[in-house]
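Novice: One structure, pasted below without further comment.
2 protein chains.
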Amino acid sequence: MKQNIYDNETFFNGYSKLRKSGVTYNDFVEQPAIKSAISNLHGKNILDLGCGTGQFAKYCVANGASKVVGIDISRNMIEQATKENKHEKIEYMCTSIEDLELPNQKFDVIISSLAIHYIDDYPALIEKVNQLLTTNGEFIFSIEHPIVTARKEMNNWFKDEEGNRLHYALDNYQEEGKREQHWYIDGVVKYHRTFSTIINTLIHNGLKLEQIIEPQSIPEGLEQMPKLINEKRRPSFLVIKSRK
Amino acid sequence: MKQNIYDNETFFNGYSKLRKSGVTYNDFVEQPAIKSAISNLHGKNILDLGCGTGQFAKYCVANGASKVVGIDISRNMIEQATKENKHEKIEYMCTSIEDLELPNQKFDVIISSLAIHYIDDYPALIEKVNQLLTTNGEFIFSIEHPIVTARKEMNNWFKDEEGNRLHYALDNYQEEGKREQHWYIDGVVKYHRTFSTIINTLIHNGLKLEQIIEPQSIPEGLEQMPKLINEKRRPSFLVIKSRK
Chain A
703 MKQNIYDNET FFNGYSKLRK SGVTYNDFVE QPAIKSAISN LHGKNILDLG
753 CGTGQFAKYC VANGASKVVG IDISRNMIEQ ATKENKHEKI EYMCTSIEDL
803 ELPNQKFDVI ISSLAIHYID DYPALIEKVN QLLTTNGEFI FSIEHPIVTA
853 RKEMNNWFKD EEGNRLHYAL DNYQEEGKRE QHWYIDGVVK YHRTFSTIIN
903 TLIHNGLKLE QIIEPQSIPE GLEQMPKLIN EKRRPSFLVI KSRK
Chain B
703 MKQNIYDNET FFNGYSKLRK SGVTYNDFVE QPAIKSAISN LHGKNILDLG
753 CGTGQFAKYC VANGASKVVG IDISRNMIEQ ATKENKHEKI EYMCTSIEDL
803 ELPNQKFDVI ISSLAIHYID DYPALIEKVN QLLTTNGEFI FSIEHPIVTA
853 RKEMNNWFKD EEGNRLHYAL DNYQEEGKRE QHWYIDGVVK YHRTFSTIIN
903 TLIHNGLKLE QIIEPQSIPE GLEQMPKLIN EKRRPSFLVI KSRK
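In order, the protein sequence lines correspond to chains A and B.
Just so we're aligned, residue 703 is where the first sequence starts under the working numbering, counting upward by one.
Just so we're aligned, residue 703 is where the second sequence starts under the working numbering, counting upward by one.
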């Protein structure tokens, strides 16, 4: 089942407000890492899987990309992208990653920021990415770290009575599949996969692993969101760079 | 500092008794995984880093290897290897991995079973391995999983008053370096490294990642050591296969 939480009004309002604040895990942890992994955008033809409101698409154009295709399952997101981050070099499409078809198109860089943990059929996704990449093309994506998605009971910080974080709880690591969570709304579904599944599926499809990042916060983040110090204790995200 | 716990009498006696029982994590979890990752030993020239009593060296010869060099820092281990697993195709050397010098020798397969987490300078080790590998040669090693080595307070199962394992405790993930543990004796030193450090160091040295295994127990293990069911909850080991 394809999930489209971003067209739920409660979720979308909460999420939009958060992202617009500029004070998020994305801004200080995930985005700096994924951007550091991209070699060079100049003259590149780019596909953004789960483009949201188009901020990353705009970033690519500002850094010399010749064309960006941004896709997202959420009509809300695509509408906002078309308003806020419109550009002649960017094409936005409202489609799920699973249903995406771009016959005869190839991309130099395929990126995906925090979307792939919503996808059930990971091997099918990687096969599709591989078909859409040019030879030597880069596939760079971020997901929630397997350490975070593993435990079925997903409230993972183990705290004392005063709310101090004693340690992070891990469990159910080898049981891949659905995890349900409350995030603005009940029943947000993510898919847990082990590190080995994530990596081996890339390799089996002929992609070469080039870099893994388990990012911590940039210094500005530690000032503006002191709780980001906890990224030292366990990583929230995993960024993977591979090449065809 | 090079650690040689295996020449401590208390440690060696405890460890030897354990390994001889044939009912261990090695027998049911780690060894089946590392063996499954090796392509083909026939006619291969093999280096075993941390060979212990030579069981794996003997396995290589039994599976067609043309020559095996087994090295270990412990004189106890090498003495026992020379007694119990002597073979004309096997050469045992008592040296630390750090001090190993084999000028003008190259190996088709370099393996290391649960030794590399005792090594402080991982980048230097990987550089040495790379120099010792033939072109297209395989480097396969197992270590304790970063999930296990991360937390400084290393008794990681969080239990209730009746001793039930509620979850596994993780912490200090990004703080790489020394971890001290009691294992037969006090002060056994291991080195924690993140997943990204482990993988990226291989790639930076020109090795291609081929496979990652986070092994669970083979069925026989679940019968003979029921606690191995907990390997489903978090992996104890990480097996990595790479190629020059």
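Glycine included, C-beta positions come from ideal geometry on N, C-alpha and C.
Note that the coordinates shown come from a computational prediction; the quantities given were computed from them, not determined experimentally.
Tell me which same chain residues have a C-beta within less than 7 angstroms of the C-beta of A/Leu-904, skipping the five on either side of it?
Specialist: Translated into positions along the first sequence, residue 904 of chain A becomes position 202. Here the set comprises Ile-828, Leu-911 and Ser-944.
Novice: Can you name the residues of chain A whose CB is closer than 7 angstroms to the CB of B/Lys-910?
Specialist: Numbered from 1 along the second sequence, position 208 holds the residue referred to as residue 910 of chain B. Simply Lys-910.
Novice: Just to confirm, is the Cβ distance from B/Asn-838 to B/Ala-852 under 8 angstroms?
Specialist: As a working mapping, residue 838 of chain B is identified with position 136 in the second sequence. As a working mapping, residue 852 of chain B is identified with position 150 in the second sequence. The answer is no: Cβ separation not under 8 angstroms.
Novice: Tell me, please, which residues DSSP counts as bridged to B/Gly-879.
Specialist: Here residue 879 of chain B refers to the residue found at position 177 when the second sequence is read from its first residue. Paired residue(s): B/His-894.
Novice: In chain order, what residues of the segment 874-904 of chain B put their CB closer than 8 angstroms to some CB of chain A?
Specialist: Correct list: Asn-874, Tyr-875, Gln-876, Glu-877, Thr-896, Phe-897, Ser-898, Ile-901 and Asn-902.
Novice: Return the chain-ordered list of same chain residues with a C-beta closer than 7 angstroms to the C-beta of A/Asp-862, the five sequence neighbours on each side being excluded.
Specialist: Position 160 of the first sequence holds residue 862 of chain A. Excluding sequence neighbours, A/Asp-862 sits near Leu-868.
Novice: Which residues of the segment 924-941 of chain A have a Cβ closer than 8 angstroms to any Cβ of chain B? Give them in chain order.
Specialist: Against chain B - using a Cβ distance shorter than 8 angstroms - the residues of the segment 924-941 of chain A are Glu-933, Lys-934, Arg-935, Arg-936 and Pro-937.
Novice: In three-state DSSP terms, what is B/Thr-796?
Specialist: As a first step, residue 796 of chain B must be located in the second sequence, where it is residue number 94. First, the amino acid is wrong: residue 796 of chain B is Cys here, not Thr. B/Cys-796 falls in the strand class under three-state DSSP.
Novice: Are there 16 or more other CB atoms within 10 angstroms of the CB of B/Asp-774, so buried, or fewer, so exposed?
Specialist: Stepping through the second sequence from its first residue, residue 774 of chain B is reached at position 72. With 16 or more Cβ atoms within 10 Å of its Cβ, B/Asp-774 is classed as buried.
Novice: Give the straight-line distance between the Cα atoms of A/Asp-822 and A/Lys-880, rounded to the nearest whole angstrom.
Specialist: Along the first sequence, read from residue 1 onward, the residue named residue 822 of chain A stands at position 120. Along the first sequence, read from residue 1 onward, the residue named residue 880 of chain A stands at position 178. Roughly 8 angstroms between the two C-alpha positions.
Novice: A/Thr-851 by DSSP, collapsed to three states: which one?
Specialist: What you label residue 851 of chain A is simply residue 149 of the first sequence in a count that begins at 1. The answer is helix: DSSP assigns A/Thr-851 an H, G or I state.
Novice: If you compare alpha carbons, which of A/Asn-866, A/Ile-740, A/His-789 and A/Leu-872 is closest to B/Val-850?
Specialist: In the second sequence, counting from the first residue as 1, residue 850 of chain B sits at position 148. For B/Val-850, the nearest C-alpha among the options comes from A/Leu-872.
Novice: Using a beta-carbon distance below 8 angstroms, is B/Ala-871 in contact with chain A?
Specialist: Numbered from 1 along the second sequence, position 169 holds the residue referred to as residue 871 of chain B. Yes, B/Ala-871 lies at the interface with chain A (some Cβ there is under 8 angstroms from its Cβ).
Novice: Just curious, the beta strand (DSSP E) that B/Thr-755 is in, first and last residue?
Specialist: Here residue 755 of chain B is taken as the residue at index 53 of the second sequence, counted from 1. It is not in any beta strand (DSSP E) - B/Thr-755 carries neither H nor E in the DSSP assignment.
Novice: Spatial neighbours of B/Arg-777 within its chain, please: CB distance less than 8 angstroms, with the 5 preceding and 5 following residues excluded, ordered by chain position.
Specialist: Taking the second sequence and counting its residues from 1, one reaches residue 777 of chain B at position 75. Here the set comprises Asp-709 and Cys-796.
Novice: On the criterion of 16 or more Cβ atoms from any shown chain inside 10 Å, does A/Gly-995 qualify as buried, or is it exposed?
Specialist: Since the first and last residues shown for chain A are 703 and 946, residue 995 of chain A lies out of range.
Novice: Assuming A/Val-891 contacts A/Gln-705 (C-beta within less than 8 angstroms), just tell me the rounded distance between them.
Specialist: Here residue 891 of chain A refers to the residue found at position 189 when the first sequence is read from its first residue. Here residue 705 of chain A refers to the residue found at position 3 when the first sequence is read from its first residue. The Cβ separation is near 5 angstroms, so the contact holds.
Novice: Between the segment 731-751 of chain A and chain B, which residues of the former have a C-beta closer than 9 angstroms to a C-beta of the latter?
Specialist: So nothing in the stretch comes that close.
Novice: Interface residues of chain B around A/Arg-945 at Cβ under 9 angstroms?
Specialist: Within the first sequence, numbered from 1, the residue matching residue 945 of chain A stands at position 243. Under the 9 angstroms cutoff, chain B gives no residues; its nearest Cβ is about 11 angstroms from A/Arg-945.
Novice: Please identify the residue among A/Lys-746, A/Ala-764, A/Gly-754 and A/Gly-745 whose C-alpha is closest to the C-alpha of A/Tyr-717.
Specialist: If you number the first sequence from 1, residue 717 of chain A lands on position 15. Selected option, being the one with the closest Cα: A/Gly-754.
Novice: Buried or exposed: where does A/Gly-772 fall if 16 or more other Cβ atoms within 10 Å of its Cβ makes it buried?
Specialist: Position 70 of the first sequence holds residue 772 of chain A. Classification for A/Gly-772: buried.
Novice: Considering A/Leu-720, what are the terminal residues of the alpha helix (DSSP H) in which it resides?
Specialist: Position 18 of the first sequence holds residue 720 of chain A. A/Leu-720 -> alpha helix (DSSP H) spans 711-723.
Novice: So with CB distances below 8 angstroms, who are the chain A contacts of B/Ile-914?
Specialist: Counted from its first residue, the second sequence places residue 914 of chain B at position 212. Neighbours of B/Ile-914 on chain A, chain order: Phe-897, Ser-898, Ile-901 and Asn-902.
Novice: Quick one: grab the DSSP three-state call for A/Leu-940.
Specialist: Along the first sequence, read from residue 1 onward, the residue named residue 940 of chain A stands at position 238. Of the three classes helix, strand and coil, the one that applies to A/Leu-940 here is strand, per DSSP.
Novice: For B/Gln-918, is the classification buried or exposed, using 16 other Cβ atoms within 10 angstroms of its Cβ as the cut-off for buried?
Specialist: As a first step, residue 918 of chain B is located in the second sequence; it is residue number 216 there, counting from the start. Buried: at least 16 other Cβ atoms inside 10 Å.
Novice: To the nearest angstrom, how far is it from the Cα of B/Arg-721 to the Cα of B/Tyr-820?
Specialist: The residue given as residue 721 of chain B occupies position 19 in the second sequence. The residue given as residue 820 of chain B occupies position 118 in the second sequence. Going by the C-alpha atoms only, they are around 19 angstroms apart.
Novice: Would a C-beta distance cut-off of 8 angstroms place B/Tyr-886 and B/Thr-712 closer than the cut-off?
Specialist: Taking the first residue of the second sequence as position 1, residue 886 of chain B is located at position 184. Taking the first residue of the second sequence as position 1, residue 712 of chain B is located at position 10. It is a contact, given that the beta carbons lie within the stated cut-off.
Novice: Considering Cα atoms alone, identify which of B/Leu-749, B/Asn-742, B/Glu-732 and B/Glu-916 is closest to B/Ile-812.
Specialist: For the purposes of this step, residue 812 of chain B is taken as the residue at position 110 of the second sequence. Of the listed residues, the one whose Cα sits closest to B/Ile-812 is B/Leu-749.
Novice: I'd like to know whether the C-beta atoms of B/Ala-767 and B/Leu-804 end up nearer to each other than 8 angstroms.
Specialist: Your numbering for residue 767 of chain B matches position 65 in the second sequence. Your numbering for residue 804 of chain B matches position 102 in the second sequence. Going by C-beta atoms, B/Ala-767 is not nearer than 8 angstroms to B/Leu-804.
Novice: Tell me the residue span of the beta strand (DSSP E) that contains B/Ala-739.
Specialist: For the purposes of this step, residue 739 of chain B is taken as the residue at position 37 of the second sequence. Here B/Ala-739 belongs to no beta strand (DSSP E); instead the alpha helix (DSSP H) covers 733-739.
Novice: Do you know offhand how far B/Thr-784's Cα is from B/Gly-756's?
Specialist: In the second sequence, the residue the question calls residue 784 of chain B occupies position 82. In the second sequence, the residue the question calls residue 756 of chain B occupies position 54. Distance between the alpha carbons of B/Thr-784 and B/Gly-756 is about 8 angstroms.
Novice: Anything in chain A within Cβ reach of B/Phe-860, meaning under 8 angstroms, just list it in chain order.
Specialist: As a first step, residue 860 of chain B is located in the second sequence; it is residue number 158 there, counting from the start. Going along chain A in sequence order, the residues near B/Phe-860 (Cβ under 8 angstroms) are Phe-860, His-869 and Ala-871.
Novice: Using a Cβ-Cβ cut-off of 8 angstroms, state whether A/Arg-777 counts as contacting chain B.
Specialist: Against the first sequence, residue 777 of chain A aligns to sequence position 75. No, A/Arg-777 does not count as interfacial toward chain B.
Novice: Take A/Leu-930 and list the residues in its own chain whose beta-carbon comes closer than 7 angstroms to its own, dropping the five residues that flank it on each side.
Specialist: Residue mapping note: residue 930 of chain A aligns to position 228 of the first sequence, counting from 1. Cβ neighbours of A/Leu-930 beyond the five flanking positions: Phe-730, Val-731, Ser-919, Gly-923 and Leu-924.
Novice: Looking only at its chain, what residues have a beta carbon closer than 7 angstroms to the beta carbon of B/Glu-786, apart from the 5 residues adjacent to it on each side?
Specialist: Here residue 786 of chain B refers to the residue found at position 84 of the second sequence. Only Thr-755 and Gly-756 meet the Cβ criterion.
Novice: Please check if any C-beta of chain A sits within less than 8 angstroms of the C-beta of B/Gln-918.
Specialist: Position 216 of the second sequence, counting from 1, holds the residue named residue 918 of chain B. Yes - at least one Cβ of chain A is within 8 angstroms of the one on B/Gln-918.
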